[in-house]
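Worksheet: the structure to be examined is printed underneath.
Protein chains: 2
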Amino acid sequence: MSNSQLIKGSLQTIILKLMESHDKMYGYEITQKVKELTSGEIKITEGALYPALHKLEAEGLLTTETQMVDNRVRKYYSLTKSGQKEVSTKIAEMKAFLDTLDKILLPKTALDS
Amino acid sequence: MSNSQLIKGSLQTIILKLMESHDKMYGYEITQKVKELTSGEIKITEGALYPALHKLEAEGLLTTETQMVDNRVRKYYSLTKSGQKEVSTKIAEMKAFLDTLDKILLPKTALDS
DNA sequence: ATTATATACATTAGAATCTTATGTATATAT
DNA sequence: ATATATACATAAGATTCTAATGTATATAAT
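Quick note, the sequences are listed as chains A and B, same order.
Heads up, the working numbering is the position in the first sequence plus 7, with the first residue counted as 1.
Heads up, the working numbering is the position in the second sequence plus 7, with the first residue counted as 1.
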């Protein structure tokens, strides 16, 4: 993510969640999809993306298959069974954390607006 | 934060936001307040807290005054003018990021529940 | 008496995750 | 000939965290 270093650690969750609605995706496609979905507000850099993909593969959450398309290599990633479970876990963890964070960040006068 | 390493970079925002509703706070007090507000779900470790406080002070967002209480040293932190402005900025940035994140993490069938 | 816990500060080693820069290679548009 | 897009990847350095350690006082428990 090239912009806000505000929140680190969300990249894995983003990747896994995207995979949930796409049978397979390759790295470059992920960067473009995220840019498209967020109107350019989140830009995933290669230096963050590829290590994250390699790690998710090493952890058994993603598998790969390489294809040649237009004389260029594409490495497609897909969710494994384990990966499918992990998506739900990671999303739940993030929601829980954000709910907890709200307890601090929301003004006590929570009935505003 | 002892639990989720999911979200790094939110500690500064947490500290500044807490300061907004407390004229002055000392380090240990912050750890207890956060634990209390989040029912023990977020535990700030000293290794994260003190460097963060020192950095915020170095950036001119916090000032300090030391007091002796019960024969123990307490270092009180307060928001500077600059710090007061920065709270709003940081909160706005975090909200913006979370809104953007939702574009990816929320299922397309956004009308669900 | 001694040990554990609470209060209160702080630093350090190591891990994890990011940015920025660089590298290789093909294809297309200017 | 150059820039941009597509497509992979690594490496140096920065930042931010955890876990461990250190110092010191006060109090509660055994």
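In this text, a Cβ means the ideal position worked out from N, Cα and C, and glycines have one as well.
Note that this is a predicted model, so its numbers are computed, not measured.
Straight-line gap, residue i to residue j (C-alpha atoms, nearest Å)
{"i": "Tyr-83 of chain B", "j": "Tyr-35 of chain B", "result": "10 Å"}
{"i": "Leu-25 of chain B", "j": "Lys-88 of chain B", "result": "15 Å"}
{"i": "Arg-81 of chain B", "j": "Met-32 of chain B", "result": "9 Å"}
{"i": "Leu-18 of chain A", "j": "Ser-85 of chain B", "result": "34 Å"}
{"i": "Thr-70 of chain B", "j": "Glu-64 of chain B", "result": "6 Å"}
{"i": "Lys-62 of chain B", "j": "Asn-78 of chain A", "result": "50 Å"}
{"i": "Glu-48 of chain A", "j": "Ala-103 of chain B", "result": "10 Å"}
{"i": "Gln-39 of chain B", "j": "Gly-67 of chain B", "result": "24 Å"}
{"i": "Asp-109 of chain A", "j": "Met-75 of chain A", "result": "47 Å"}
{"i": "Tyr-57 of chain B", "j": "Thr-20 of chain A", "result": "29 Å"}
{"i": "Lys-50 of chain A", "j": "Gly-90 of chain B", "result": "29 Å"}
{"i": "Ile-98 of chain A", "j": "Leu-44 of chain B", "result": "23 Å"}
{"i": "His-29 of chain A", "j": "Ile-37 of chain A", "result": "10 Å"}
{"i": "Leu-112 of chain A", "j": "Leu-105 of chain B", "result": "13 Å"}
{"i": "Ser-46 of chain A", "j": "Gly-16 of chain A", "result": "21 Å"}
{"i": "Glu-27 of chain A", "j": "Glu-27 of chain B", "result": "40 Å"}
As assigned by DSSP and simplified to three states, the class of residue i
{"i": "Leu-6 of chain A", "result": "No answer is possible for residue 6 of chain A: it lies beyond the span of chain A, which begins at 8 and ends at 120."}
{"i": "Asp-106 of chain B", "result": "helix"}
{"i": "Asp-119 of chain A", "result": "With a pLDDT of 48 at Asp-119 of chain A, under the threshold of 50, the predicted position of this residue should be treated as unreliable, and no value is reported."}
Exposed unless 16 or more other CB atoms sit within 10 angstroms - verdict on residue i
{"i": "Thr-73 of chain B", "result": "exposed"}
{"i": "Leu-60 of chain A", "result": "buried"}
{"i": "Thr-107 of chain B", "result": "buried"}
{"i": "Glu-93 of chain B", "result": "buried"}
{"i": "Leu-23 of chain A", "result": "buried"}
{"i": "Val-41 of chain A", "result": "buried"}
{"i": "Met-101 of chain A", "result": "buried"}
{"i": "Thr-52 of chain B", "result": "exposed"}
{"i": "Thr-96 of chain B", "result": "exposed"}
{"i": "Gly-54 of chain B", "result": "exposed"}
Within the region 10 to 82 of chain B, note down every full alpha helix (DSSP H) run reaching 4 residues or more, in order along the chain. 18 to 27, 34 to 44, 53 to 65, all fully within the region 10 to 82 of chain B.
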